[in-house]
Amino acid sequence: MSKEKPSIPKGTRDFGPAVVVKRNYIFGAIKSTFEKFGYLPLETPAMEQLSVLTGKYGDEGDQLIFKILNSGDFLAKTKPEDIEQGSKHLTRKISEKALRYDLTVPFARFVVMNRNEITFPFKRYQIQPVWRADRPQKGRYREFYQCDADVVGTNSLLCEAEIVQMINEVLTNLGLTDFTIKINHRGVLAGIAEAIGEKGKEAEICVAIDKLDKIGKEGVRKELLERGIAGEAVEMLEPLYNLAGTNEDILEQLQNIIGNTSEGQRGLQDLHKVWQYLAGLNSQALTSQNASEAPRLQLEVTLARGLSYYTGCIFEVKVNNVNVGSISGGGRYDNLTGMFGMPDVSGVGFSFGVDRIYDVLEELELFPSSSQVGTKVLIVQFDKESEQFALPLLQQLRDAGVASELYPEAAKLKKQMSYADQKNIPYVLLIGSEEITSGKPQLRNMQTGEQQAVAIETVIAIIKEQEV
RNA sequence: GUGGUUGUAGCUCAGUCGGUUAGAGCACCAGAUUGUGAUUCUGGGGGUCGUGGGUUCGAGCCCCAUCUUCCACCCCA
């Protein structure tokens, strides 16, 4: 036996029973909405071929992929020269598999591999852990769950509208009342870049203006210049920071700025279409539901999500007045399956971050008590005879659907009662010699301390009544 | 990957200038109470001070390395 202290890898967590119960509550809310919108579950392996994952998330993303060392003699395929060529080259020689980095790429891989069996449009949801070799900090872990819903095989912007609807429904069902669904479009960003004469530099521009609410106008200006954007171009961006009014107003103002660029035009048309669909759906996201009386859906020109594969609409969800990062995000990607040799399949999807939603619900105290599950009755035994007497009662309780347990040994009463107390079991059933004689066990309410001798049928009735 | 931060009992944390035997609260165990938890009282167990080196007559405290925690970048759920 080793006497070293056990530990778990950095950025990973154990989930105790109370936490798992609450997490399952969130998963349940998400699943039921996904299924209501016609999405069906999919699961893929924790590990993928490394070649499936590399190159999909940009250079920085590649660095964050957890690689799996080849089993057996992982040096078998290497030569001394391979080491000299550096770690990037060597990685391919000693690692062929890796842990999945997100759920979207494995989904694309699945679609390509099963293209002949799938009927399009194909809608799936997937709730599984993903792994990133990131440096952990608040709300960021190396192993965390994503809850993705994607649809591939259609360009219809109805999908985008339904994503807004699903986000609104899930978060509302979880009890959140004040959150903002930010939407933007890659075309709008490209159009902006073109309109200010820096066509093709939208990546640099995006990274900078995405930080507007974090580092302010001056910070963005500085960063843009550092990233090689011309001075007059930076000035031409100024009006964008001050876009005001309703979403419709902003769309109109944008039309004036970028309407004559082809990409900008595409973006604006898409956004208009999304709004039309939502209006048709009577979407609550368009009406004033938040404390600020602003609609939940907000066109946010400065929203620029990093992932390199988004091409159309992009989303991000922020809970107002709670200090966590975004709890959901997504967008349209036109050519994800193209990387696997299957061109012209457009997809759109988004993801909930369960760990962050958990933190939000915890902070706002929104977990309902009904999300607490557990034993309702503990039968306390005194000796072999009372254990024997308890067995059929235990089964009767369970047959009636009452979560119940019999303390498995005739420990001291104090010990058995403490057990019930600490497991928050609301009722205890005591079975001693008197109760065996009368046939009526003592039912003790652990909250009030009241106790009465009743028949087992009455016990069941009392507990059932409490559940309502 | 860059810069900083943290680690002392199961948990939350004290610990003076480097000086004798490292403390508290909570938790745990036992008793007060032989058929009753949570409350009260009494007693008890529990520590290689993250780990490995170094400086020193002497290190929980100073130095180096490493792991861990949290934070800011980069990026992201």
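Numbering (the working numbering), first residue to last: 2 to 469.
Note that the Cβ used here is the ideal one computed from N, Cα and C, for glycine as well.
This structure is a prediction, so every number in the text was calculated from the model and none was measured.
- Task: Starting from the N-terminal side, write out each stretch of the beta strand (DSSP E) that is 3 residues or longer and does not extend beyond the stretch 79 to 167.
- Result: 96 to 100, 123 to 132, 144 to 153
- For the alpha helix (DSSP H) that contains TYR26, what are its first and last residues? 18 to 37
- Query: Considering only residues of the same chain and omitting the five flanking positions on each side of VAL221, which have a CB-CB separation below 7 Å?
  - Reply: ALA209, ILE210, LYS212, LEU213
- From ALA19 to VAL374, what distance separates their C-alpha atoms? 9 Å
- Are the CB atoms of GLY12 and ARG101 nearer to each other than 8 Å? no
- Between which two residues does the beta strand (DSSP E) harbouring LEU407 extend? 405 to 407
- Item | Within 8 Å, strictly: CB atoms of LEU365 and GLY348 | no
- Please specify which runs of the beta strand (DSSP E), each continuous and at least 3 residues long, are wholly inside the stretch 172 to 196, giving them in chain order. 180 to 186
- Give a yes or no on contact between the stretch 23 to 41 and the stretch 120 to 130, applying the rule of three or more CB pairs nearer than 8 Å. yes
- Message: So if DSSP puts PRO296 in a beta bridge, which residue, or which two residues, is it bridged to?
- Response: SER289
- Query: Would the beta-carbon of LEU51 fall within 8 Å of that of HIS186?
  - Reply: no
- By a C-beta neighbour count over all protein chains shown, 10 Å radius and 16 as the cutoff for buried, is SER8 buried or exposed? exposed
- Item | PRO442 - DSSP class collapsed to helix/strand/coil | coil
- Hey, out of GLU386, ALA204, ILE164, THR262, whose CA is closest to GLU410's CA? GLU386
- Cβ contact (3+ pairs, closer than 8 Å) linking the stretch 45 to 63 and the stretch 103 to 119: yes
- Item | Complete runs of the alpha helix (DSSP H) confined to the stretch 186 to 264 [at least 4 residues] | 187 to 196, 203 to 210, 213 to 227, 232 to 242, 248 to 259
- Minimum C-alpha distance to GLN138 - residue among GLN467, VAL325, ILE432: VAL325
- Task: Would you mind stating whether LEU175 and ALA30 have Cβ atoms separated by less than 8 Å?
- Result: yes
- In whole angstroms, what is the alpha-carbon distance linking TYR359 and ARG141? 13 Å
- Helix, strand or coil: which one does DSSP assign to VAL320? strand
- Coarse secondary structure for GLU410, derived from DSSP in three states: coil
- Item | Span of the beta strand (DSSP E) around LYS57 | Careful: LYS57 lies outside any beta strand (DSSP E) and carries neither H nor E.
- Message: Buried or exposed, going by whether 16 or more other CB atoms sit within 10 Å of the CB of PRO240?
- Response: exposed
- Considering only the beta carbon of each residue, do LEU398 and ILE461 sit closer than 8 Å? yes
- Task: Kindly indicate which three-state DSSP category PHE471 falls into: helix, strand or coil?
- Result: Lying outside 2 to 469, the shown extent of the chain, residue 471 is not represented and no answer is given.
- Other residues of its chain near ILE197: CB distance less than 7 Å, five sequence neighbours each side excluded: ALA234, MET237, LEU238
- Are ILE1 and VAL381 closer than 8 Å when you measure CB to CB? Only positions 2 to 469 of the chain appear in the structure, and residue 1 is not among them; the question remains open.
- Message: If contacts are defined as beta-carbon pairs under 8 Å, then ILE315 and LEU304 qualify, I think. What distance do you get, rounded to the angstrom?
- Response: 6 Å
- Task: Could you round the C-beta distance between LYS319 and THR181 to whole angstroms and report it? I think they count as a contact, below 8 Å.
- Result: 5 Å
- Task: Find the nearest neighbour of GLY354 within the set ASP345, ILE328, GLU118, MET343, judged by alpha-carbon distance.
- Result: ILE328
- At least 3 beta-carbon pairs within less than 8 Å: the stretch 162 to 172 vs the stretch 267 to 284: yes
- Message: Can you find the residues in the same chain that come closer than 6 Å, C-beta to C-beta, to GLU203, ignoring five residues on each side of it along the sequence?
- Response: LEU190, ALA191, ALA194
- Task: For SER263, count neighbouring Cβ atoms within 10 angstroms of its own Cβ and tell me buried if that reaches 16, exposed if not.
- Result: exposed
- Message: Classify GLN417: buried if its beta carbon has 16 or more other beta carbons within 10 angstroms, exposed otherwise.
- Response: buried
- Compare the Cα-Cα distances from ASN71 to each of GLN64, PRO81, MET48 and report the closest residue. MET48
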